Amino acid sequence: MVSPRLLTWFCALAAALAAFVLVAAPASATALGPRVCTVATGTDIDLEAALRAESECRIADDSIAGPRIWAFVDVADIVDPAENQMLIVDPSSFDSFALYLQDADGNWSGRRYGPEVATENWRAGMRFALPIDTGGEAIARMAISFDRPQLSANISNLAIESATETETQHYYTSLFYAIFIGVLLLPVVYNLAFFIVLREKFTLWHIGMVSGALGYTMCSGGFIHFLFPAMPLDLRWSLNLWSIALAISSACMFFRSFIEPDKLSTALRKGLVLSAGIIPAITLIITLGGEAIRPIGQDIFLLGFVPALVCFTLGIAQALGRGSRAARFVFVACCALILSMGERVLRGMDFYEGPAWLDFIIYGTLAFEMVVTALGIADRLMIIRRQRDSARESEAAFEKLAQTDYLTGLSNRRAIITQFNEATGSFGARGFALLDLDNFKRVNDEYGHDVGDRVLQAVAQIMRNWSSLTAGRIGGEEFVALIHSADPRDTAERLCTAIRESVHESVPELSDPVTVSIGLVSILPGQTFNQAYRAADSCLYEAKEQGRDRVISLWKAPKIGSKSRAAA
């Protein structure tokens, strides 16, 4: 079901993505977070007033509880006035941003920027870069402030990097994201194709999961500003949150619908649905909560992932314990992703500090998850398709059994009635023949029912070999033939002769030939099966009365192509 070429390209892109992880991850930037001293003030406090409040400064404290967060840092050993250097800043949402530089004489210079500074100076990989304008003079300190920042990463991820390295990283990181976006687009295509064929809901949930990951990549990596340069920073921040919510919520529902129905308990299935609902509810609170929620919004958002992580972990363990084939793919696909998400939650809640390149790990684990889940979906869909094909074959077999006489293989009464209705239109069957084997009870009594059954099968085979007949067995030794030939009476006469002369070849135990009496009537316009049957039965009774082994017909052949016949 999966194109080998498609999977080859998919795996090639994923491999290229993995190769770029080491190249694209920032390595040479000097982190300022550990040496930053922060103080929270009101938005009416300017640099001069903030310097007076510096005595309250807290070292390596990246709390964002406060309308304006000031960060002071000594950079005399980092900033080289002879080199073009950039201040690297996390582009999460904020109302304004300020950068001030203090020279060796203690003089300060700088300015405050609006949030558009992030969109105008974005660099691929969750950052924007501002040139450090030293004017050729040594720089002793920096003062940086954010108004209402959304993430503590605005403080903790501050770094200084050479302009050359910044542009190099921007190039490689752009390639990284371009490859990753390519990896994400392929599952959308094949899942749509799968859904069109088999209509399985888990393919749609996987599309939702991939779409959320794609939105997160576009927003967090900065590519959204390439497509929409004028997009406000707060809108990009909201889209980023909602993309993550869509990805995680869809992942919960994907897992719930992807695992075989009997491999997950009802409690866990309900837990996954609840987890899927908690995340967008929390996201809504954060995006609408305003200043009261902002300082703790990140922690609340990350905590919203915990129920999903718990349900995923317990669900995978339970499904594996119950022998789920689909869970094996999910386990392999999600182990690294769950670990990277757990690490991101702990680091985001400030349990520990980590290098910036850790932010790229989640992309690698996402790509790996997409590759393995793609194989799992293909495997599951092939199993579902085989099951459906088998069910359809069984249904067709049961339908055939329901319409077939078990002994002779001819149509039974139910099927022959249907065939009568289908075969009596214009230029269809013209004659209705009712056949009854003569003295058949004596065959059963003298030779046994096994021989009698073989006689019935031999008669059925003779009728089956005649292309001008639609034959069926009504019951016992009674057969029906819908005759399509131009001369139904001649066909009936030859059939009577064939049975008399040929049955004994198939059943040599018989000492006497088997004969048949036939009642033949024309099929009239608008006539029902029962009407034709009763008319033919009267002729058959007369054939028995006249000595058997003969055809008695009541023929009223309609004119071919007549209005009445056409109307029938």
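Using my numbering, the letters of the sequence shown correspond one by one to residues 501 to 1068. The beta carbon of each residue, even a glycine, is placed where N, CA and C say it ideally should be. All figures in this text were calculated on a predicted structure; none of them were measured in a lab.
Let me know the secondary structure DSSP gives residue i once reduced to three states.
i	result
D577	coil
I564	coil
A461	For the chain, the structure presents residues 501 to 1068; residue 461 sits outside this window and is missing.
Y1041	helix
V1051	strand
I545	coil
S539	Inspection of the sequence shows that residue 539 is occupied by Val rather than by Ser. Note: V539 maps to strand in three-state DSSP.
L820	helix
G876	helix
R648	coil
I785	helix
P795	helix
E667	helix
S757	helix
F594	coil
R930	coil
A827	helix
T904	strand
Q602	strand
D945	helix
Q585	strand
E637	coil
G925	Because the pLDDT of G925 is 49, which lies under 50, any placement of that residue in the model is unreliable, and the question is left without a value.
F805	coil
S656	helix
Please look up how many angstroms separate the CB atoms of residue i and residue j, rounded, as I've assumed it's under 8 Å.
i	j	result
M626	G771	With 8 Å as the limit, M626 and G771 do not qualify as a contact, their Cβ atoms being about 32 Å apart.
L1054	C1039	5 Å
A571	A540	Not confirmed; about 11 Å, so no contact.
S933	I877	Note on residue identity: the sequence assigns Ala, not Ser, to residue 933. Wrong, their Cβ atoms sit about 57 Å apart, outside the cutoff.
R1000	T1015	5 Å
V1021	A1036	5 Å
I778	I800	With 8 Å as the limit, I778 and I800 do not qualify as a contact, their Cβ atoms being about 11 Å apart.
L684	T717	7 Å
G931	I983	4 Å
V536	V573	5 Å
C719	L746	Between L746 and C719 the Cβ distance is about 12 Å, and since that is not below 8 Å, they are no contact.
S749	A776	4 Å
A450	R964	Any answer about residue 450 is impossible in this case: the structure gives the chain only from 501 up to 1068.
E677	A618	Here the sequence assigns Tyr to residue 677, which means Glu is not the residue at that position. That pair is no contact at about 17 Å.
A659	A531	5 Å
What does the Cβ neighbour count give for residue i, buried or exposed, with the cut at 16 atoms within 10 Å?
i	result
T703	buried
P687	buried
T1028	exposed
V806	exposed
L784	exposed
Y906	exposed
M882	exposed
L522	Only weak support is given to the placement of L522: the predicted model assigns it a pLDDT of 49, under 50, and the question is left unresolved by the model.
P795	buried
N657	buried
G606	exposed
H725	buried
F728	exposed
L774	exposed
S743	buried
S824	buried
G976	exposed
G821	exposed
N654	buried
T865	buried
F927	Residue confidence is low: F927 scores 48 on pLDDT, short of 50, so the model does not pin down where it sits. Its coordinate-derived value is still stated next. So F927 counts as exposed.
E1005	exposed
L788	exposed
Q602	buried
Q585	buried
R568	buried
Hey, does residue i have any beta-carbon neighbour from chain C nearer than 8 Å?
i	result
N965	No chain C appears in this structure, which consists of one protein chain only.
> What runs of the alpha helix (DSSP H), each 4 residues or longer, lie entirely inside the segment 676–754?
Replying inline: With a minimum length of 4 residues, the continuous alpha helix (DSSP H) runs that stay inside the segment 676–754 are 701–720 and 723–727.
>> I want to know whether the segment 555–566 touches the segment 627–639 - three or more CB-CB distances under 8 Å.
In response: The segment 555–566 is not in contact with the segment 627–639.
> Which parts of the segment 947–1026 are runs of the beta strand (DSSP E), unbroken and 3 residues or longer, counting only runs that do not cross its ends?
Replying inline: Within the segment 947–1026, the runs of beta strand (DSSP E) at least 3 residues long that lie entirely inside it are, in chain order, 969–975, 978–983 and 1016–1022.
>> Taking contact to mean 3 or more Cβ pairs, one atom from each stretch, closer than 8 Å, check whether the segment 639–647 and the segment 686–703 are in contact.
In response: Contact check between the segment 639–647 and the segment 686–703: fewer than three CB pairs, one atom from each, fall below 8 Å, which does not count as touching.
> Looking at C-beta atoms only, is the number of pairs between the segment 608–617 and the segment 655–674 that lie closer than 8 Å three or more?
Replying inline: In this structure the segment 608–617 does not touch the segment 655–674; the number of beta carbon pairs closer than 8 Å is below three.
> Pairing CB atoms from the segment 815–830 with CB atoms from the segment 669–681, are three or more of them under 8 Å?
Replying inline: No, the segment 815–830 is not in contact with the segment 669–681.
>> Below 8 Å, how does it come out for the segment 677–692 and the segment 592–612: are there three or more Cβ pairs, yes or no?
In response: These segments do not touch.
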